[in-house]
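What follows is a short report on a single structure.
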Amino acid sequence: MHIEIAERALASAAGVAVAPDGLEQEWIEALTVRALASVFPWLNTFALDGAAKVGRLEGSVEYRFLDADEVEAKVKGLMCRFEELVAKVTPADPADETPDQASADTAWLGAI
Numbered sequence: 040m041h042i043e044i045a046e047r048a049l050a051s052a053a054g055v056a057v058a059p060d061g062l063e064q065e066w067i068e069a070l071t072v073r074a075l076a077s078v079f080p081w082l083n084t085f086a087l088d089g090a091a092k093v094g095r096l097e098g099s100v101e102y103r104f105l106d107a108d109e110v111e112a113k114v115k116g117l118m119c120r121f122e123e124l125v126a127k128v129t130p131a132d133p134a135d136e137t138p139d140q141a142s143a144d145t146a147w148l149g150a151i
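Under this note's numbering, read the sequence shown as residues 40 to 151, first letter to last.
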């Protein structure tokens, strides 16, 4: 579900549905970062359910769950990175389209 959210968000933000030539790694990183931003609050909340059972790691390190402000800060950091990557993968010239798709501002159409 979170990967699909990331795919839709990236396509909408970049205005294209696939990575531009030579920017495949940035595209993959943008998908990963956006998916992490989507799932991060869920993971922390899910983990808190079992917080009473958390013990010590080899007797020296104690687990700690993030509070709401820390979770929000992490998500903001991930979204900032996502926006940086979107800026890299967004075509500078909307007329310069990847084959089999057309873009118009934030809308895109992929060939079927």
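For every residue, glycine included, the Cβ atom is placed at its ideal position computed from N, Cα and C.
None of these values were measured; they are calculated from a predicted model.
Asked: Indicate whether the contact test is met: 3 or more Cβ pairs, each with one atom in the segment 40 to 53 and one in the segment 63 to 80, closer than 8 Å.; Found: yes
Asked: Please report the Cβ distance between V114 and A53, rounded to the nearest whole angstrom; I am assuming they are in contact, meaning their Cβ atoms lie under 8 Å.; Found: Incorrect: roughly 20 Å between the Cβ atoms, too far for contact.
Asked: Using a Cβ-Cβ cutoff of less than 8 Å, which residues in the same chain neighbour F79 once the five nearest sequence positions on both sides are dropped?; Found: V110, K113, V114 and L117
Asked: From C119 to T129, what distance separates their C-alpha atoms?; Found: 15 Å
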